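Contents: one structure, followed by commentary.
In the numbering used here, the protein residues as written are 45 to 297.
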């Protein structure tokens, strides 16, 4: 196994992503801790992803999930900054996670087949996640997506997510759900790549026909080795710097 501290020190990240505007710097991390202390579920926009937590995930685990998944995305952004390499972007994202303490397994990208000529990306996402997640986690994801749907077009969270996830005809985004059992945090996530001959708007709720739009999905599930992650927790915070708060924003669910 490679040295995780050396890996985090040497990894390059891109801070060129569009940032969340209109939030106090400490709001989201404070929400992560407070919602855990109060035993409540929570949801966040993290760069290109929506991340949700069931109620029993502790505050430190919530912060570790948010920071580690952000680091992995910013590293993937640095290596593959444009829409030509979205599949490799996700593979890099997952690889970074595996080198800082996440033990992951899953399936690589496959084409999503649908029997319906007209489909909405959101419904495909829910069908795929519903096949692998328990009812509690799925209920939180559904609430998360619904909360995201209700954001106005001027909301800084939506504006940043849209700019970070897609161009006019191609894009990628992640949906992740975190749970905790006996102090061990687990993560289930899916990465989606959307390619279309139509103009993509609000990618998660984009509607199209299967003749004009293709959808691919890859999945990963796993647990966090806290011994390994504990070695690099502070290094990751240092690498992300104060701008971390501009890439993470909570959703009210």
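Idealized CB from N, CA, C, for every residue including glycine.
Bear in mind the structure is a predicted one, so any value in this text is a computation, not a measurement.
(message) Assuming residue 222 and residue 109 are in contact, meaning their beta carbons sit under 8 Å apart, how far apart are those beta carbons, in whole angstroms?
(response) 5 Å
(request) Can you have a look at residue 69 and say buried or exposed, based on whether 16 or more other CB atoms are within 10 angstroms of its CB? (result) Note that residue 69 has pLDDT 44, beneath the 50 cutoff, so the model's placement of it is unreliable and no number is given.
(request) Take residue 67 and list the residues in its own chain whose beta-carbon comes closer than 6 Å to its own, dropping the five residues that flank it on each side. (result) With a pLDDT of only 48 at residue 67, under the threshold of 50, the placement of this residue in the model should not be trusted; the figure read from the coordinates follows. Within the same chain, residue 67 has close Cβ partners 293.
(message) Can you tell me where the alpha helix (DSSP H) holding residue 255 begins and where it ends?
(response) Per DSSP, residue 255 belongs to no alpha helix (DSSP H) and is neither H nor E.
(message) Comparing C-alpha positions only, which one of 297, 51, 175 sits nearest to residue 194?
(response) 297
(request) Assign residue 264 to one of three DSSP states: helix, strand, or coil. (result) strand
(request) Can you give me the Cβ contacts of residue 133 inside the same chain, cut-off strictly under 7 Å, excluding the 5 residues immediately before and after it? (result) 120, 124, 216
(message) Taking only three categories from DSSP, how would you classify residue 218?
(response) strand
(request) Could I get the ranges of all uninterrupted beta strand (DSSP E) runs contained in the stretch 137-176, with 3 residues as the minimum, in chain order? (result) 146-155, 162-164
(message) Ignoring anything shorter than 3 residues, give me the beta strand (DSSP E) runs that lie fully in the stretch 183-230, in order along the chain.
(response) 214-225
(request) Could you tell me how far apart the beta carbons of residue 166 and residue 249 are, in whole angstroms, since I believe they sit closer than 8 Å? (result) 5 Å
(request) Go ahead and pull the three-state DSSP assignment for residue 60. (result) coil
(request) Consult DSSP for residue 294 and reduce its assignment to one of helix, strand or coil. (result) strand
(request) Locate the beta strand (DSSP E) running through residue 89, then write down its first and last residues. (result) 86-90
(request) Would you give the residue range spanned by the beta strand (DSSP E) that residue 94 belongs to? (result) 93-97
(message) Nearest by alpha-carbon distance to residue 263: which of 98, 127, 156 is it?
(response) 156
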